[in-house]
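Visitor: So that you can map any letter, position 111 of the sequence shown is 587 in our numbering, and since no number is skipped, the others follow by simple counting.
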Amino acid sequence: MSGLIVVTGLIVVVLALVAYGVASQPRTSGTLGVDARVLSAPLKIDRSPDGIPTVHAGSLDDAWFAIGYVHGQDRLWQLEMNRRIERGQLAEVLGPAALDTDRFLRTLGVARAAAQQYARLDSKTQHALQRYADGVNAAVAATKVLPPEFLMLGFKPGKWEPVDSVAWSIMMAWDLGGNWSTELLRMQLSQTFDTRQIDEILPPLSALPAPVRDYGALYRSLGLTTAQIDSASHVATLFPDIGSGGLGSNNWVLAGSRTASGKPLLANDPHLGLAAPSIWYLARIDAEGLELQGATLPGMPFIVLGRNQYVAWGFTNTNPDVQDLYLERFNPADPNAVLGPRGMESARLVLETIKVKGRPDQALNVRETPRG
């Protein structure tokens with residue numbers, strides 16, 4: 477009898493999980509209950525057999541709202557994780573295991589930089605990001621059953637703000653830069669090897685002349701301790717480099733003189749890590765006489781890679797040296813005074829509070845120098 481009870485209980489649990497999974501799926505047919513006042517004209521979203529949405533909108537203004545809505549429907553968990561990553565708020569839902577990551581992201585200052593960049597955007601772009609945020613939040617409000625990840629961790633998604641879109645673009649740029657961890661490794665190696673030996677481990681680009689200055693000796697002359705170097709290098713383990721120098725994705729363009737149609741062809745292959753869900757979200761937009769289609773990034777409304785009826789566009793990343801790390805010298809008598817090119821300068825102190833699931837809040841003091 478006890479065995480029968482166990483089997484019956486398992487069946488009930490499985491059926492409940494299946495029912496929850498089905499109930500949490502986005503609604504892709506029928507009429508969506510969106511307040512008509514947020515749209516300038518009726519809006520239609522078609523879905524292909526593969527689930528790719530085509531937005532038919534009376535204006536691009538409404539189209540940005542619709543892209544936010546379908547992102548909120550299909551990628552809500554991904555959006556929430558993106559939002560928490562950029563803000564350094566992972567430990568609030570994942571616990572102490574994510575605390576080091578939050579500390580690093582708060583120190584990096586992604587959210588602070590995003591707020592500054594958003595304030596400098598033109599009003600048209602700000603409005604597009606606001607419309608996108610409105611769409612995401614409308615989808616969340618219409619969701620009766622949240623994706624299972626929220627059930628398992630026991631929390632609800634936060635509100636998406638326009639500045640979050642800017643912050644996620646910063647995270648993408650930072651991730652695709654990638655050479656900062658190589659600079660840390662080079663500093664670490666310099667404590668043991670000379671420049672020639674380091675170049676054997678981290679070869680310079682063959683197209684460029686190899687450096688002749690012994691930067692290993694320069695690093696050693698700074699008097700860094702092993703503990704200081706290890707502390708700095710530990711940060712690199714939180715976000716491993718995306719690859720060795722000189723690697724990247726590719727773009728291929730074929731002239732119309734070499735094609736059957738007489739039109740040029742563009743083949744774009746951005747190399748990014750595998751992820752589930754994908755970092756990309758395919759979509760089509762039909763609005764204001766434009767026929768847009770291609771890949772969007774959950775968190776932003778625009779077609780990042782794609783085409784319209786006139787042109788096609790893409791991008792490639794060659795993993796260039798676009799990041800610099802600074803070794804700052806602070807005044808021992810005044811921890812907020814840092815040495816600059818013209819003498820001592822003031823560092824800005826930022827007080828951060830990190831919420832940790834199951835633990836007291838953690839205070840973090842971040843010093844911002846004129847160099848970052």
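By construction, the Cβ of each residue, glycine as well, lies at the ideal position given by its N, Cα and C atoms.
Could you tell me the alpha carbon to alpha carbon distance between Gly719 and Gly653, rounded to whole angstroms?
Guide: The pLDDT assigned to Gly719 is 46, lower than 50, so where the model puts this residue is not dependable; a value taken from the coordinates is nonetheless given after this. Those two C-alpha atoms are separated by around 10 Å.
Visitor: Expressed to the nearest angstrom, what Euclidean distance is found between the alpha-carbon atoms of Arg835 and Asp578?
Guide: Distance from the CA of Arg835 to the CA of Asp578, rounded to the nearest whole angstrom, comes to 14 Å.
Visitor: Am I right that Leu741 and Leu730 are in contact with their C-beta atoms under 8 Å? What's the rounded C-beta distance?
Guide: 4 Å
Visitor: Report the rounded CA-to-CA distance for Ser505 versus Glu625, giving the unit in angstroms.
Guide: 24 Å
Visitor: Considering only the beta carbon of each residue, do Ala587 and Gly544 sit closer than 8 Å?
Guide: no
Visitor: State the DSSP-derived secondary structure class of Met663, mapped to helix, strand or coil.
Guide: In the structure shown, Met663 sits in a helix (DSSP, three-state: H, G or I).
Visitor: What number of angstroms, rounded off, separates the C-alpha of Gln592 from the C-alpha of Gly775?
Guide: 18 Å
Visitor: In the DSSP output, which residue or residues are listed as bridge partners for Lys620?
Guide: According to DSSP, Lys620 bridges with nothing at all.
Visitor: In angstroms with no decimal places, state the Cα-to-Cα distance between Asn432 and Val826.
Guide: The structure shown does not extend to residue 432, since the chain is modelled only from 477 through 848, so no value can be given for it.
Visitor: Judging by CA-CA distance, which residue of Ala839, Asp800, Arg847 is the nearest neighbour of Pro817?
Guide: Arg847
Visitor: What would DSSP say about Thr530, mapped onto helix, strand or coil?
Guide: strand
Visitor: How is Leu566 classed by DSSP in three states: helix, strand or coil?
Guide: coil
Visitor: Is there contact between the stretch 745-762 and the stretch 788-797, where contact requires at least three CB pairs shorter than 8 Å?
Guide: yes
Visitor: If you count every other CB in all the chains shown that lies within 10 Å of the CB of Asn655, and 16 or more means buried, which is it?
Guide: buried
Visitor: Would you mind sorting Ser764 into buried or exposed? The rule is 16 or more other CB atoms within 10 Å of its CB.
Guide: The sequence as given places Glu at residue 764; Ser does not occur at that position. So Glu764 counts as exposed.
Visitor: For Arg662, which residues of its own chain have a beta-carbon under 7 Å away from its beta-carbon, when the five flanking residues on both sides are left out?
Guide: Ile674, Leu678
Visitor: Could you give the distance in angstroms between the alpha-carbon of Lys739 and the alpha-carbon of Ala759?
Guide: 24 Å
Visitor: Let me know the secondary structure DSSP gives Pro836 once reduced to three states.
Guide: For Pro836, the three-state secondary structure derived from DSSP is strand.
Visitor: Roughly how many whole angstroms lie between the Cα atoms of Phe541 and Gly611?
Guide: 4 Å
Visitor: Verify whether the separation of the beta carbon atoms of Val832 and Pro572 is less than 8 Å.
Guide: yes
Visitor: State the DSSP-derived secondary structure class of Pro680, mapped to helix, strand or coil.
Guide: Note: Pro680 maps to coil in three-state DSSP.
Visitor: State whether the stretch 552-568 contacts the stretch 527-541, with contact taken as three or more CB pairs (one from each stretch) at a distance under 8 Å.
Guide: Because the criterion of three Cβ pairs below 8 Å is not met, the stretch 552-568 and the stretch 527-541 do not touch.
Visitor: Sort Ala823, Asp837, Pro777, Thr829 by Cα distance to Val642 and report the nearest one.
Guide: Pro777
Visitor: Along the beta strand (DSSP E) that carries Val729, what are the first and last residues, could you check?
Guide: 726-730
Visitor: Compute the Euclidean distance between the alpha carbons of Asp526 and Ile487, then round it to the nearest angstrom.
Guide: Answer to the nearest angstrom: the Cα atoms are 31 Å apart.
Visitor: When we look at the beta-carbon of Ala752 and count the other beta-carbons within 10 Å, is it buried (16 or more) or exposed?
Guide: exposed
Visitor: How many angstroms separate the CA atom of Arg843 from the CA atom of Pro529?
Guide: 45 Å
Visitor: Return the chain-ordered list of same chain residues with a C-beta closer than 6 Å to the C-beta of Gln667, the five sequence neighbours on each side being excluded.
Guide: none
Visitor: With DSSP as the reference, identify every bridge partner of Thr772, one or two as the case may be.
Guide: Thr772 pairs with Tyr757.
Visitor: Kindly identify the DSSP beta-bridge partner or partners of Met820.
Guide: Leu815
Visitor: Arg607 and Tyr757 - do their beta-carbons sit closer together than 8 Å?
Guide: no
Visitor: With distances taken Cα to Cα, identify the nearest neighbour of Ala809 among Leu801, Gln799, Ser822, Asp800.
Guide: Ser822
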